[in-house]
Amino acid sequence: MKIIECPRDAMQGIKEFIPTKKKIDYINQLLKVGFDTIDFGSFVSPKVIPQLKDTAEVLSGLDLSSSSSKLLSIIANIRGAEDACNFDEINYLGFPLSVSEEFQKRNTNKSINEALNTVEEIQNLSVKNNKELVVYLSMAFGNPYGENYHPDIVAELTHQLHKIEIEIIALSDTIGVSEPDNIVPLFSTLSTEYPNIEIGAHFHTTIDKWEEKVDSAYKNGCRRFDSALKGYGGCPMADDDLTGNMPTEKLISYFTEGLG
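Mapped onto the working numbering, the consecutive letters of the sequence shown carry residue numbers 74 to 333.
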């Protein structure tokens, strides 16, 4: 059972710049908890996410000496991957690949097939530099553009990623529309068909729906969950302003108090 704590996701939408020292102090506290992985920053253009322009500086201030937690950084292209690979402290690179053609083009100005070529290049770079690539399948449970959505599309992308030996895939609920009816078939199918791939969940949720999402995923094979303390971090594309990240404390209560 793995919990990936995501301060990067919690902080990136905050407009007021958080001082670098505060970020360092906060993440150093998280490193003492025992999370499997800390999603701590990203190597993307500061024009896109100005809050995370100091990721390299934050990394230099982290105390990893007594922590078992591994570090993950989000990247969006080859250049970001190359930058992240310069740091031995980083274990995982996280790359978002969309199930939605429209979202992929808006984010990267590439088609899904073109983005898959980028994934393969980054995978080769990761292997060369002793990193592991985590692919986040965004819009994995639906999209807001009226595009055709079906679990088979997610399954086909998973198949393509399997062919290039991606071993960790996180199904990401970009707009907060995951529910048992679409969580169960995805996780039950993918965890059965791809037992050698770690299929994770990056859910966005309102406070009243977190448990049904976790329960549906866990009981259908998911053993990797992304979360943020208090559910902090916006979901700007969700219809409901109260939708945020999966609250870490709720996850912990679920797994320590009898699996729901």
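Note that beta-carbon positions come from the ideal geometry of N, C-alpha and C, so glycine has one too.
Ala83 lies in the alpha helix (DSSP H); which residues open and close that run? Pro80 to Met84
Near Ile122, what residues of its chain come up, given a Cβ to Cβ distance below 7 angstroms and the 5 sequence neighbours on each side ignored? Gln85 and Ser115
Under a Cβ-count criterion, where at least 16 other Cβ atoms within 10 Å of its own Cβ denotes burial, should Tyr218 be classed as buried or exposed? exposed
To the nearest angstrom, how far is it from the Cα of Asp109 to the Cα of Lys183? 32 angstroms
Rounded to whole angstroms, what is the Cα-Cα separation between His235 and Ile270? 8 angstroms
Mind checking whether Gly294 and His277 have CB atoms under 7 angstroms apart? no
Looking only at its own chain, which residues have a Cβ that is under 6 angstroms from the Cβ of Glu155, when we skip the five neighbours before and after it? none
Buried/exposed call for Ile280, threshold 16 Cβ in 10 Å: exposed
Going straight from the alpha carbon of Pro119 to that of Lys201, what length do you get? 26 angstroms
Close-in-space but distant-in-sequence residues of the same chain around Ser261 (CB under 7 angstroms, 5 per side omitted): Asn293 and Gly294
Taking the straight line between their C-alpha atoms, what separation do you get for Arg152 and Pro258? 36 angstroms
Span of the beta strand (DSSP E) holding Leu145? Lys143 to Ile148
Kindly list the residues whose CB is nearer than 6 angstroms to the CB of Asp299, restricted to its own chain and excluding five residues on each side of it in sequence; keep chain order. Ile77, Cys79 and His275
Who are the near neighbours of Arg296 in its chain, counting only those whose CB is closer than 6 angstroms to its CB and skipping five residues on each side? Met74
Find out if the Cβ-Cβ distance for the pair Pro253, Glu285 is shorter than 7 angstroms. yes
Alpha carbons only, please: which of Val287, Arg179, Lys323 and Thr316 is nearest the one belonging to Leu302? Lys323
Spatial neighbours of Ser289 within its chain, please: C-beta separation below 7 angstroms, excluding the five flanking residues on both sides. Pro253, Ile256 and Val257
Got a sec, what are the start and stop residues for the alpha helix (DSSP H) Leu324 sits in? Thr321 to Thr329
In whole angstroms, what separates the C-alpha of Glu174 from that of Ser139? 43 angstroms
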